[in-house]
Amino acid sequence: MVKIGFVGAGRIGSTSAYATLYDVDCDEIVLIDLVEDLAVGEAMDLGAAAIATGKSAIVEGGSDYSLLSDSNVIVISAGIARKPGMTRLDLTRTNANIMCDVIKRVNETVPDAILVLVTNPVDVMTYVAYKASGKARNEVLGMGSSHDTARLKEQLLRLNVKSDALVIGEHGDSMTLIKGQKEIEGVDWNKIVQTTKEKGMEIIRRKSATYYAPASCIAKIVKAIVSDEDAMIPVSVVLEGEYGLRDVAIGVPALIGKNGVSSVLEYDLTEEELIQLKRSADIIKGMLKSI
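In this note's numbering, the protein residues as written are 1 to 291.
1) Which residue wins for smallest C-alpha separation from residue 130, given the options 34, 278, 100 and 92?
2) Within the continuous alpha helix (DSSP H) that includes residue 105, where are the two ends?
3) Would you list, in sequence order, the uninterrupted beta strand (DSSP E) runs of no fewer than 3 residues that lie entirely inside the stretch 226-251?
4) Please tell me whether residue 118 and residue 68 are closer than 9 Å, where the distance is taken between their beta carbons.
5) Helix, strand or coil: which one does DSSP assign to residue 118?
6) Who are the near neighbours of residue 86 in its chain, counting only those whose CB is closer than 6 Å to its CB and skipping five residues on each side?
7) Whole angstroms are fine: how far does the CA of residue 21 sit from the CA of residue 4?
8) Measuring alpha carbon to alpha carbon, tell me which residue in 136, 245, 133 and 167 is nearest residue 147.
9) Can you tell me whether residue 133 is helix, strand or coil according to DSSP?
10) In its own chain, which residues sit with a C-beta less than 8 Å from the C-beta of residue 109, not counting the 5 before and 5 after it?
11) Out of 121, 61, 49 and 97, state which residue places its alpha-carbon closest to the alpha-carbon of residue 82.
12) If you follow the alpha helix (DSSP H) that residue 283 is in, where does it begin and where does it stop?
13) What residue range does the alpha helix (DSSP H) around residue 40 cover?
14) Assuming the contact rule is C-beta atoms closer than 8 Å, residue 116 and residue 288 should be a hit. Round their C-beta distance to whole Å, please.
15) Going by Cα to Cα distance, which pick from 263, 247 and 186 is closest to residue 128?
16) What runs of the beta strand (DSSP E), each 3 residues or longer, lie entirely inside the stretch 144-220?
17) When the Cα of residue 55 is compared with those of 27, 141, 75 and 142, which residue comes out closest?
18) Let's see if you can read the secondary structure: which residues bound the beta strand (DSSP E) around residue 76?
19) Could you check whether residue 13 and residue 41 sit closer than 9 Å to each other, using their CB atoms as the reference points?
20) Would you be able to state if there are at least three C-beta pairs under 8 Å between the stretch 260-280 and the stretch 232-245?
21) Going straight from the alpha carbon of residue 15 to that of residue 252, what length do you get?
22) With distances taken Cα to Cα, identify the nearest neighbour of residue 284 among 19, 153, 198 and 92.
23) Measuring only the C-alpha atoms, how far is residue 178 from residue 273?
24) Name the residue from 9, 96 and 57 whose alpha carbon lies nearest to the alpha carbon of residue 291.
25) Taking the C-alpha atoms as reference points, what is the distance between residue 30 and residue 57?
26) Looking at the unbroken beta strand (DSSP E) that takes in residue 13, where does it start and where does it end?
27) Residues in its own chain within less than 8 Å of residue 219 by CB, not counting five upstream and five downstream?
28) Just list the residues that DSSP pairs residue 3 with in beta bridges.
29) So who's on the other strand from residue 255, going by DSSP bridges?
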């Protein structure tokens, strides 16, 4: 039996549940939220969607964490969005406190589940969840760089460019572009990187939030876990010496399978790429120290 739990039934949580329902062969999906009516309502809607799309998964919702019992994977999007006048540090501290409470409750109910983090700042929250859960690093991963890489590849698609380029590092302004093995003429990489960085804020300005792309990235990660695909996906994971970094969660290419992160892939970075990655790690560590 494959059961997927979602803690946080807001836009990202519910949309991720829908994307997972559509893309992943699972038997049950559960949504948990402090606002019980929200979780129950989303579950009722998704339950009918499952039937309409030819799926046989049962969808439940509520505020009681015991509903998560026997889940294989827990996707955590619980937290608050940044509000006007709120500093990034304020957001980080608030969501870190929320995360610690969520992890405590999840551990009490389903201690063996793989944790997938969505809450921002996702690299910091991945590390907080890793420390609070006491799990092995392979069992706690964040969405981070997979979302940035999707934005990057969408731009390359518009340019009709085929490339194995991807984004690593912080899910934020210090993200690092890896151009890949193939040199491509006529591509303004600096412009592409800048657009990738700015795309999220532009979407928020136009429609207040991003959720379709994050949801699709989450579904891809969940599918790789439950299907044991060993798929290469850039995710945030705690490093243990890879790229000369340790004791920090940061976006890197990794193989994702039934145990979470099967292995971290160490690409042969240029000196500039490695410097940028280490600068990104320093920024994340700085945020961790502040909380």
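Glycine included, every Cβ here is placed at the ideal spot set by N, Cα and C.
Short version:
1) Translated into the one-based positions of the sequence shown, residue 130 becomes position 130. Cα-wise, what sits closest to residue 130 is 100.
2) Along the sequence shown, read from residue 1 onward, the residue named residue 105 stands at position 105. That run of the alpha helix (DSSP H) goes 88-109.
3) 231-240
4) Position 118 of the sequence shown, counted from the start, is the residue given in the question as residue 118. Position 68 of the sequence shown, counted from the start, is the residue given in the question as residue 68. No, these two residues do not count as a Cβ contact at 9 Å.
5) As a position in the sequence shown, residue 118 is number 118, starting the count at 1. Coil.
6) Counting from one through the sequence shown, the residue named residue 86 turns up at place 86. No residues qualify anywhere along the chain.
7) The residue given as residue 4 occupies position 4 in the sequence shown. The residue given as residue 21 occupies position 21 in the sequence shown. When rounded, the distance between both Cα atoms is 9 Å.
8) Counted from its first residue, the sequence shown places residue 147 at position 147. Per the Cα distances, 167.
9) For the purposes of this step, residue 133 is identified with residue 133 of the sequence shown, where counting begins at 1. Residue state, collapsed to three classes: helix.
10) For the purposes of this step, residue 109 is identified with residue 109 of the sequence shown, where counting begins at 1. The beta carbon of residue 109 sits closer than 8 Å to those of 65, 66, 68 and 69, all from its chain and outside the five residues before and after it, given in chain order.
11) Start at 1 with the first residue of the sequence shown, and residue 82 comes out as number 82. Ranking the options by Cα distance to residue 82, first place goes to 121.
12) The residue given as residue 283 occupies position 283 in the sequence shown. 271-290 is the span of the alpha helix (DSSP H), which, as asked, contains residue 283.
13) On the sequence shown, position 40 is the one that residue 40 refers to. Start and end: 36-52.
14) By one-based count along the sequence shown, residue 116 stands at place 116. By one-based count along the sequence shown, residue 288 stands at place 288. Contact doesn't hold; Cβ gap of about 20 Å is too wide.
15) The residue labelled residue 128 in the question sits at position 128 within the sequence shown. Of the candidates 263, 247 and 186, the one whose C-alpha sits nearest the C-alpha of residue 128 is 247.
16) The stretch 144-220 is shown to contain whole beta strand (DSSP E) runs of 3 or more residues at 166-168 and 176-178, in chain order.
17) As a first step, residue 55 is located in the sequence shown; it is residue number 55 there, counting from the start. Minimum Cα distance to residue 55 is reached at 27.
18) Against the sequence shown, residue 76 aligns to sequence position 76. Where residue 76 is concerned, the enclosing beta strand (DSSP E) stretches over 73-76.
19) Taking the first residue of the sequence shown as position 1, residue 41 is located at position 41. Taking the first residue of the sequence shown as position 1, residue 13 is located at position 13. In this structure, the beta-carbon distance from residue 41 to residue 13 does not fall below 9 Å.
20) yes
21) Indexing the sequence shown from 1 puts residue 15 at position 15. Indexing the sequence shown from 1 puts residue 252 at position 252. Going from the Cα of residue 15 to the Cα of residue 252 covers about 25 Å.
22) Numbered from 1 along the sequence shown, position 284 holds the residue referred to as residue 284. Residue 284 has its Cα closest to that of 92, out of 19, 153, 198 and 92.
23) On the sequence shown, position 178 is the one that residue 178 refers to. On the sequence shown, position 273 is the one that residue 273 refers to. Roughly 7 Å separates the two Cα atoms.
24) Working through the sequence shown from its first residue, we reach residue 291 at position 291. Out of 9, 96 and 57, 96 has the C-alpha closest to the C-alpha of residue 291.
25) Within the sequence shown, the letter at position 30 stands for residue 30. Within the sequence shown, the letter at position 57 stands for residue 57. When rounded, the distance between both Cα atoms is 10 Å.
26) Counting from one through the sequence shown, the residue named residue 13 turns up at place 13. No beta strand (DSSP E) contains residue 13, which is instead part of the alpha helix (DSSP H) from 11-23.
27) The residue you call residue 219 lines up with position 219 of the sequence shown. Excluding the 5 residues flanking it on each side, residue 219 has same chain C-beta neighbours closer than 8 Å at 16, 19, 20, 22, 23 and 24, in chain order.
28) Translated into positions along the sequence shown, residue 3 becomes position 3. The partner list for residue 3 (beta bridge, DSSP) reads 28.
29) Counted from its first residue, the sequence shown places residue 255 at position 255. In the DSSP output, where bridge partners are listed per residue, residue 255 has 232 and 263.
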